[in-house]
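Numbering (my numbering), first residue to last: 9 to 292.
We put the CB at the ideal spot given by N, CA and C, even for glycine.
Here is the structure we will look at.
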């Protein structure tokens, strides 16, 4: 899936944030070290990331946001994803946010190997490749003294949403939860017998990860039908996952895939409560 070109959250969330003391904060640029394993040798590279951190020593509950990736209407691979409105929204709740760019994306070093394919083996390889960058990002956080290691949350949009679930399923006791915005690795053009190729990923995650997950999607998504999206949530829940599924109607001729970046005023109240429920909103 592709991240939309406008990386600013608009609507009530951003309007509220814009009036805060943190207005127009675009975060702090940080470098995440990573060992890039090659066929013949490995090399040390750096991943670009943007950090939003509350004032003080912490430790702070911390969120990792995973960006989307490729597909039709690809954005430039050197484009840095920085949803600053989401960063300020979380910092106002005394929560830190890390936004890493995976290998070959933004200004991160290494090669981009998450190409679009409907081949099941290619999907698995692309997801595994993406998880290696997330491994480095999570290791980076674990070595930061300001991070509350017992309160780390995965979030992501589009490919980043399903990546968050897949990674949580590999580390079922490490994370407090997952917020999945419009998650999917491939679109409906890859469907086999009217079944999405994403379903096995959701089933595996639901069978393994038991912490609360929040799924946020919009109807009339440009990548998956409403029926497909409902099957994502259903397959996750039927596999044993603990999910709260929110499915918004955004308006006439509006793609539901825009829900994260453009419709924060719809989902912010739900996320507010979710963060309280998992004891992330720890403001005095």
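Residue i to residue j span [Cα, whole Å]
{"i": "residue 288", "j": "residue 140", "result": "26 angstroms"}
{"i": "residue 158", "j": "residue 69", "result": "8 angstroms"}
{"i": "residue 162", "j": "residue 39", "result": "19 angstroms"}
{"i": "residue 154", "j": "residue 147", "result": "14 angstroms"}
{"i": "residue 36", "j": "residue 109", "result": "14 angstroms"}
{"i": "residue 114", "j": "residue 253", "result": "31 angstroms"}
{"i": "residue 278", "j": "residue 145", "result": "27 angstroms"}
{"i": "residue 80", "j": "residue 129", "result": "With a pLDDT of 49 at residue 80, under the threshold of 50, the modelled position of that residue is not reliable, and the figure given next carries that caveat. About 20 angstroms."}
{"i": "residue 266", "j": "residue 49", "result": "40 angstroms"}
{"i": "residue 104", "j": "residue 262", "result": "31 angstroms"}
{"i": "residue 212", "j": "residue 284", "result": "27 angstroms"}
{"i": "residue 219", "j": "residue 184", "result": "6 angstroms"}
{"i": "residue 256", "j": "residue 269", "result": "14 angstroms"}
{"i": "residue 274", "j": "residue 281", "result": "13 angstroms"}
{"i": "residue 91", "j": "residue 53", "result": "24 angstroms"}
{"i": "residue 107", "j": "residue 190", "result": "17 angstroms"}
{"i": "residue 188", "j": "residue 116", "result": "23 angstroms"}
{"i": "residue 197", "j": "residue 235", "result": "14 angstroms"}
{"i": "residue 121", "j": "residue 200", "result": "24 angstroms"}
{"i": "residue 134", "j": "residue 207", "result": "16 angstroms"}
{"i": "residue 209", "j": "residue 230", "result": "20 angstroms"}
{"i": "residue 119", "j": "residue 112", "result": "4 angstroms"}
{"i": "residue 73", "j": "residue 182", "result": "16 angstroms"}
{"i": "residue 165", "j": "residue 138", "result": "14 angstroms"}
{"i": "residue 55", "j": "residue 41", "result": "6 angstroms"}
{"i": "residue 259", "j": "residue 152", "result": "42 angstroms"}
{"i": "residue 226", "j": "residue 174", "result": "21 angstroms"}
Coil, strand or helix - residue i by DSSP
{"i": "residue 280", "result": "helix"}
{"i": "residue 212", "result": "helix"}
{"i": "residue 71", "result": "strand"}
{"i": "residue 287", "result": "coil"}
{"i": "residue 248", "result": "coil"}
{"i": "residue 260", "result": "coil"}
{"i": "residue 112", "result": "coil"}
{"i": "residue 197", "result": "helix"}
{"i": "residue 125", "result": "coil"}
{"i": "residue 77", "result": "strand"}
{"i": "residue 237", "result": "helix"}
{"i": "residue 174", "result": "helix"}
{"i": "residue 83", "result": "coil"}
{"i": "residue 207", "result": "helix"}
{"i": "residue 89", "result": "coil"}
{"i": "residue 131", "result": "helix"}
Close-in-space but distant-in-sequence residues of the same chain around residue i (CB under 7 angstroms, 5 per side omitted)
{"i": "residue 179", "result": "none"}
{"i": "residue 251", "result": "221, 223, 241, 244, 245"}
{"i": "residue 29", "result": "Here residue 29 scores only 36 on pLDDT, less than 50, and its place in the model is too uncertain to base an answer on."}
{"i": "residue 87", "result": "114"}
{"i": "residue 215", "result": "247, 248"}
{"i": "residue 131", "result": "125, 193, 194, 205"}
{"i": "residue 233", "result": "196"}
Beta-carbon proximity list for residue i, same chain, < 8 angstroms, skipping 5 on both sides
{"i": "residue 156", "result": "66, 67, 68, 69, 70"}
{"i": "residue 150", "result": "157"}
{"i": "residue 62", "result": "68, 99, 102, 103, 104"}
{"i": "residue 27", "result": "Here the model assigns residue 27 a pLDDT of 33, short of 50, so the residue's position is not dependable and the matter cannot be decided."}
Proximal residues to residue i (C-beta, below 6 angstroms), its chain only, five neighbours per side dropped
{"i": "residue 217", "result": "176, 177, 180"}
{"i": "residue 51", "result": "44"}
{"i": "residue 228", "result": "264"}
{"i": "residue 60", "result": "35, 95, 99, 105"}
{"i": "residue 168", "result": "74, 75, 76"}
{"i": "residue 160", "result": "70, 183"}
The beta strand (DSSP E) enclosing residue i, as first and last residue numbers
{"i": "residue 251", "result": "251-256"}
{"i": "residue 53", "result": "50-60"}
{"i": "residue 38", "result": "36-45"}
{"i": "residue 186", "result": "185-189"}
{"i": "residue 224", "result": "221-226"}
Segment limits, alpha helix (DSSP H) that includes residue i
{"i": "residue 269", "result": "267-270"}
{"i": "residue 99", "result": "92-99"}
Contact test: residue i Cβ vs the ligand MG heavy atom, cutoff 8 angstroms
{"i": "residue 271", "result": "The ligand content of the structure shown is nil, which means the ligand MG is not present either."}
Any C-beta of chain C under 9 angstroms from that of residue i
{"i": "residue 264", "result": "The structure shown contains no chain C, having only a single protein chain."}
Unbroken stretches of the beta strand (DSSP E), 3 residues or longer, contained in the segment 135-170: 155-165
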